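Engineer: Supplied in structure tokens, the structure appears directly below.
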Amino acid sequence: MAEYIEREALLKAVASWRTVVKSLYDSGYDDCINSIEDTISDAPAADVEPVVHAHWICIGDIDENIYECSRCHEIWCLNDGTPKGNNMNYCLNCGAKMDGGKENG
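For the sequence shown, our numbering begins at -7 and goes up steadily by one.
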């Protein structure tokens, strides 16, 4: 499983090493690299989930406003308009981003 880190936290942690790199380098290049690797390893992981993409499938006639999520197949009956017209940019059931992206369900 992939781990994600917060860029600002990592840059701040690595920046703190700028003041000590010279002394670490004097004691050996490997020690310097090991210290930087330790800093990166200790960086906090971000709380993220992969984005899942899908799209709305119109399954009713133009007056019925019935749509299906292409990923979870949940059926939505709208009172008026389309999912896009109602700002339904995500499936309320499975959370898929309804942009028709490369990982369509």
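Every residue gets a Cβ at the ideal spot worked out from N, C-alpha and C, and that includes glycine. All values reported here derive from a predicted model rather than from experimental measurement.
I need the straight-line Cα distance from serine 27 to glutamate 41, nearest angstrom please.
Structural biologist: Within the sequence shown, numbered from 1, the residue matching residue 27 stands at position 35. Within the sequence shown, numbered from 1, the residue matching residue 41 stands at position 49. So the two alpha carbons sit approximately 29 Å from each other.
Engineer: Take valine 43 and list the residues in its own chain whose beta-carbon comes closer than 7 Å to its own, dropping the five residues that flank it on each side.
Structural biologist: The residue labelled residue 43 in the question sits at position 51 within the sequence shown. Hits under 7 Å: Lys89.
Engineer: Taking the alpha-carbon positions, what's the threonine 31 to valine 6 distance?
Structural biologist: Numbered from 1 along the sequence shown, position 39 holds the residue referred to as residue 31. Numbered from 1 along the sequence shown, position 14 holds the residue referred to as residue 6. Going from the Cα of threonine 31 to the Cα of valine 6 covers about 7 Å.
Engineer: What do you reckon, are the CB atoms on alanine 1 and alanine 35 nearer than 8 Å?
Structural biologist: Within the sequence shown, residue 1 is the residue found at index 9, counting from 1. Within the sequence shown, residue 35 is the residue found at index 43, counting from 1. Cβ distance < 8 Å, so alanine 1 and alanine 35 count as in contact.
Engineer: Residues in the same chain with beta-carbon distance under 7 Å from histidine 47, minus the five sequence neighbours each way, listed in chain order, please.
Structural biologist: For this step, residue 47 is matched to residue 55 along the sequence shown. Excluding residues within five positions, the ones whose Cβ falls inside 7 Å are Ser62, Met90, Gly92 and Asn96.
Engineer: Compute the Euclidean distance between the alpha carbons of serine 8 and asparagine 79, then round it to the nearest angstrom.
Structural biologist: As a position in the sequence shown, residue 8 is number 16, starting the count at 1. As a position in the sequence shown, residue 79 is number 87, starting the count at 1. Approximately 44 Å between the Cα atoms of the pair.
Engineer: Take glycine 87 and list the residues in its own chain whose beta-carbon comes closer than 8 Å to its own, dropping the five residues that flank it on each side.
Structural biologist: Residue mapping note: residue 87 aligns to position 95 of the sequence shown, counting from 1. Around glycine 87: Val44.
Engineer: Specify the secondary structure class of lysine 89 as computed by DSSP and reduced to three states.
Structural biologist: In the sequence shown, the residue the question calls residue 89 occupies position 97. Reduced to three states, the DSSP call for lysine 89 is strand.
Engineer: If we ignore side chains and look at the alpha-carbon of each, how far apart do leucine 84 and aspartate 23 end up?
Structural biologist: Numbered from 1 along the sequence shown, position 92 holds the residue referred to as residue 84. Numbered from 1 along the sequence shown, position 31 holds the residue referred to as residue 23. Answer to the nearest angstrom: the Cα atoms are 51 Å apart.
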